[in-house]
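Student:
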Amino acid sequence: MTERVVIVGGGIAGVRTADALRTGGFDGDITLVDGGVFPYDRPPLSKEFLAGTKDIKQIALQPSQWYDDHLVRLLNQTVVAALRPREGKVELADGTLLPADRVVLATGGNAARPPIPGGGSERVHVLRTAEDADRLRPQLVPGARLLIVGAGLIGAEVASTAVRLGCEVGLVDPLAAPLMAPLGSELATWLHDLHTWHGITTVQAAVESFTDRGDHIEARLAGRRGSRAYDAVVLGVGMVPHTGLAERAAIEVDRGILVDAGQVTSNPAVLAVGDPSRMRGAPRAEHWEAAQHDGARAAATILGAEAPAPTAPWFWTARHGRHVEAVGHMESAAETVVRGTFDDPSFAVFGLRDGYVVAAAAVDDSAAVRAARRMIDRRVPADAGRLSDPAVNLRALLRTAPQGRRDETTP
Ligand SMILES: Cc1cc2nc3c(=O)[nH]c(=O)nc-3n(C[C@H](O)[C@H](O)[C@H](O)COP(=O)(O)OP(=O)(O)OC[C@H]3O[C@@H](n4cnc5c(N)ncnc54)[C@H](O)[C@@H]3O)c2cc1C
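Using numbering that gives the first Met the number 0, the first residue of the sequence shown is number 0, and each one after it goes up by one.
1) Going by DSSP, which residues form a beta bridge with Ala360?
2) Taking 7 Å as the cut-off, does the CB of Leu234 come closer than this to any heavy atom belonging to ligand 1?
3) What residue from Val379, Trp65, Ala284 has the CA that sits closest to Pro240's CA?
4) Using only the alpha-carbon positions, how far apart do Arg85 and Pro42 sit?
5) Name the two residues that bound the continuous alpha helix (DSSP H) containing Phe48.
6) Is the distance from the Cβ of Phe349 to the Cβ of Ala359 below 8 Å?
7) Between the beta-carbon of Arg352 and the beta-carbon of Ala333, is there less than 8 Å?
8) Quickly, what does DSSP pair His191 with across the bridge? List them, please.
9) Relative to the C-alpha of Leu193, which candidate in Ala176, Gly24, Ala129, Gly183 has its C-alpha closest?
10) Just to check my reading of the structure: Val357 and His328 have Cβ atoms closer than 8 Å, yes? What is that Cβ distance to the nearest angstrom?
11) Please name the residue, chosen from Met238, Ala298, Gly261, that lies closest to Arg3 on a Cα-to-Cα basis.
12) Using the three-state DSSP reduction, which class does Thr310 fall into: helix, strand or coil?
13) Would you decide whether Met374 is buried or exposed? Buried here means 16 or more other CB atoms lie within 10 Å of its CB.
14) Looking only at C-alpha atoms, which of His191, Pro181, Arg136 sits nearest to Gly165?
15) Below 8 Å, how does it come out for the segment 287-296 and the segment 267-276: are there three or more Cβ pairs, yes or no?
16) Between Met179, Arg377, Pro344, Ala92, which lies nearest to Ser331 when the distance is taken from Cα to Cα?
17) On a Cα-Cα basis, can you pick out the residue from Asn109, Ala204, Gly87, Arg101 that is closest to Ile147?
18) Going straight from the alpha carbon of Pro38 to that of Arg247, what length do you get?
19) Going residue by residue through the segment 110-169, where are the continuous alpha helix (DSSP H) segments of at least 4 residues, counting only ones entirely within it?
20) May I ask you to report which of helix, strand or coil DSSP gives Gln402?
21) Taking Cβ positions, are Ala110 and Met278 nearer each other than 8 Å?
22) Just grab the DSSP bridge partners of Ser276 for me.
23) Pairs of beta-carbons, one from the segment 103-118 and one from the segment 48-60, closer than 8 Å: are there three or more?
24) Report the residue from Lys88, Ala249, Asp363 whose alpha carbon sits nearest the alpha carbon of Arg338.
25) Measuring CA to CA, which of Ala158, Ala132, Thr310 is closest to Ala371?
26) Which word fits Thr340, buried or exposed, when buried means at least 16 other C-beta atoms lie within 10 angstroms of its C-beta?
27) For Leu70, which three-state DSSP category applies?
28) Could you tell me whether any non-hydrogen atom of ligand 1 is closer than 7 Å to the CB of Glu105?
29) What runs of the beta strand (DSSP E), each 3 residues or longer, lie entirely inside the segment 196-222?
30) According to DSSP, what are the bridge partners of Asp28?
31) Please indicate yes or no: does the CB of Ala347 lie closer than 7 Å to some heavy atom of ligand 1?
32) With a Cβ-Cβ cutoff of 8 Å, do Val71 and Ala92 count as a contact?
33) Looking at ligand 1, does it come within less than 7 Å of Pro312, judged from the CB to the closest heavy atom?
34) Do you know offhand how far Thr95's Cα is from Ala17's?
35) Would you give the residue range spanned by the beta strand (DSSP E) that Leu270 belongs to?
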């Protein structure tokens, strides 16, 4: 029987696990250990928090009172040094041992720092924590020359924030249009072009090296002659999952901490959730909502309850005042149809295969993505012509849904 749960990591996955345990009726001890100042949300770090329009308190995942109200013992600025699952204990960096019947690893990861020569310069930034954002923000002044490496999610968002603050922004990526897999090539290209329309210089290339010249930094790009001077560089090239605790406890790790459908690792006393976990046979998710769902599933496992029904993967990103959402697996679509046009204030792209929606991505149209998600989750047969017609109500298309499939997004 599980009486004491220790959750390692106070990001969205860890906090959601604690919340879902209490909501599900768990009345044992919950200890949430986090290395940071207090649990805060990460998506605003490249958006409002970086722009300075929200402070750290405004991005807290829960108000401080929440932990008392839910009897969650929160240990901030505390690092877990080792798991001792055989002894039923977790060891903190100061040597304290916490008893734990089940441990949930919610340790997130670090921003990746590829071994680019000169990449260790103080002028080269990454963005994963509030401290990273605090260090970068003072560089984003009008006229500052900023190079962003990587135009996927975080790099593109930082570029958008920086150009709005008056920086002169260069955005370099070896891909012609990043995010093609989740968005499809047409939308990915449109979205990448949005940067140019907002005054950002986009370059398709890889960075070869940096040279810190004291009052500026030079970047040399592969296949280009010479180098260019910048005041600061931001690397937005992905993250490296924190798997060390699992590895040292002989838990199976392969590009993430391997888990089953209930988030249980190769050691039944240890679960893993969020960015560092990887469901066997699937890629790591690295998205905010996926981390939440992991937490809900881990809690269900600990409670011995039925896990929430799986739902199509979803994420959002924001840039240049546009809100983008995507659901499903666009890379598996055999055809795509556009609802509206790319010049409209809002529009959506649906990916279809064998008469079913398998993915959708939309700009400023959350309702279309919500509808698409229900179509995917319920396996509603879809008609490309009706989907692409903005006059057809998407909710009406859902009414042909076959019965009997649970859908956790349905209110
Ligand atoms: C700048 C930025 C912008 C993003 N924007 C979006 C977005 O727009 N849309 C989207 O879908 N996703 C976005 N994401 C991704 C999303 O935020 C992550 O997928 C999500 O935060 C993962 O949550 P997590 O709980 O798994 O990990 P984290 O949030 O990384 O939390 C892990 C926590 O574990 C703690 N920890 C690690 N090791 C230990 C230890 N040994 N002892 C104690 N504590 C430890 C860390 O201090 C950290 O607080 C963004 C991410 C970043 C960084």
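Note that the Cβ used here is the ideal one computed from N, Cα and C, for glycine as well.
Tutor: Considering the structure as presented:
1) As a first step, residue 360 is located in the sequence shown; it is residue number 361 there, counting from the start. Checking the DSSP bridge columns, you'll see Ala360 partnered with Ala325, Val348.
2) What you label residue 234 is simply residue 235 of the sequence shown in a count that begins at 1. In terms of side-chain proximity, the C-beta atom of Leu234 is found no nearer than 7 Å to any non-hydrogen atom of ligand 1.
3) In the sequence shown, the residue the question calls residue 240 occupies position 241. Looking from the CA of Pro240, the closest CA among Val379, Trp65, Ala284 belongs to Ala284.
4) By one-based count along the sequence shown, residue 85 stands at place 86. By one-based count along the sequence shown, residue 42 stands at place 43. Roughly 36 Å between the two C-alpha positions.
5) Taking the sequence shown and counting its residues from 1, the one referred to as residue 48 is at position 49. Where Phe48 is concerned, the enclosing alpha helix (DSSP H) starts and stops at 47-50.
6) As a position in the sequence shown, residue 349 is number 350, starting the count at 1. As a position in the sequence shown, residue 359 is number 360, starting the count at 1. In this structure, Phe349 places its C-beta atom within 8 Å of the C-beta atom of Ala359.
7) Counting from 1 along the sequence shown, the entry for residue 352 is found at position 353. Counting from 1 along the sequence shown, the entry for residue 333 is found at position 334. Yes. Within cutoff.
8) Numbered from its first residue, the sequence shown carries residue 191 at position 192. Listed as beta-bridge partners of His191 by DSSP are no residues whatsoever.
9) To locate residue 193, count along the sequence shown from 1; it is residue 194. It is Ala176.
10) Residue mapping note: residue 357 aligns to position 358 of the sequence shown, counting from 1. Residue mapping note: residue 328 aligns to position 329 of the sequence shown, counting from 1. Between Val357 and His328, the beta carbon gap of about 6 Å places them in contact (Cβ cut-off 8 Å).
11) For the purposes of this step, residue 3 is identified with residue 4 of the sequence shown, where counting begins at 1. If we check each option's Cα against that of Arg3, Ala298 comes out closest.
12) For the purposes of this step, residue 310 is identified with residue 311 of the sequence shown, where counting begins at 1. Coil at Thr310, not helix or strand.
13) Here residue 374 is taken as the residue at index 375 of the sequence shown, counted from 1. By the neighbour-count rule (16 or more Cβ atoms within 10 Å), Met374 is buried.
14) Your numbering for residue 165 matches position 166 in the sequence shown. Of His191, Pro181, Arg136, the residue nearest in Cα terms is Arg136.
15) Touching, yes.
16) Taking the first residue of the sequence shown as position 1, residue 331 is located at position 332. Checking every option, the nearest Cα to that of Ser331 belongs to Met179.
17) In the sequence shown, counting from the first residue as 1, residue 147 sits at position 148. The alpha carbon of Ile147 has as its nearest neighbour, out of Asn109, Ala204, Gly87, Arg101, the alpha carbon of Ala204.
18) The residue given as residue 38 occupies position 39 in the sequence shown. The residue given as residue 247 occupies position 248 in the sequence shown. The alpha-carbon of Pro38 is positioned some 25 Å away from that of Arg247.
19) DSSP runs (the alpha helix (DSSP H)) wholly in the segment 110-169: 129-135, 153-163.
20) Within the sequence shown, residue 402 is the residue found at index 403, counting from 1. Residue placement at Gln402 is poorly supported in this model, since its pLDDT is 45, which falls under 50; the coordinates still yield a value, given next. In this structure, Gln402 counts as coil in the three-state DSSP scheme.
21) Residue mapping note: residue 110 aligns to position 111 of the sequence shown, counting from 1. Residue mapping note: residue 278 aligns to position 279 of the sequence shown, counting from 1. No, the Cβ-Cβ distance between Ala110 and Met278 is not below 8 Å.
22) Along the sequence shown, read from residue 1 onward, the residue named residue 276 stands at position 277. According to DSSP, which records beta bridges pairwise, Ser276 is partnered with Ile256.
23) The segment 103-118 is not in contact with the segment 48-60.
24) Position 339 of the sequence shown, counting from 1, holds the residue named residue 338. With distances taken between Cα atoms, Arg338 lies closest to Asp363.
25) The residue given as residue 371 occupies position 372 in the sequence shown. The residue with the shortest Cα to Cα distance from Ala371 is Thr310.
26) The residue given as residue 340 occupies position 341 in the sequence shown. Label assigned to Thr340: exposed.
27) Here residue 70 is taken as the residue at index 71 of the sequence shown, counted from 1. It is coil, neither helix nor strand.
28) Your numbering for residue 105 matches position 106 in the sequence shown. Reading off the sequence, residue 105 comes out as Ala, not Glu. Correct: Ala105 has its Cβ closer than 7 Å to ligand 1.
29) The qualifying runs are 200-203, 206-211, 216-220.
30) Your numbering for residue 28 matches position 29 in the sequence shown. Residue pairing by DSSP places Asp28 opposite Arg3 in a beta bridge.
31) For this step, residue 347 is matched to residue 348 along the sequence shown. Checking every heavy atom of ligand 1 against the Cβ of Ala347, none is found closer than 7 Å.
32) For the purposes of this step, residue 71 is taken as the residue at position 72 of the sequence shown. For the purposes of this step, residue 92 is taken as the residue at position 93 of the sequence shown. Taking 8 Å as the cut-off, the Cβ atoms of Val71 and Ala92 do not count as close.
33) To locate residue 312, count along the sequence shown from 1; it is residue 313. Checking every heavy atom of ligand 1 against the Cβ of Pro312, none is found closer than 7 Å.
34) Counted from its first residue, the sequence shown places residue 95 at position 96. Counted from its first residue, the sequence shown places residue 17 at position 18. Approximately 21 Å, taken between the alpha carbons.
35) Position 271 of the sequence shown, counted from the start, is the residue given in the question as residue 270. For Leu270, the uninterrupted beta strand (DSSP E) run begins and ends at 269-271, by DSSP.
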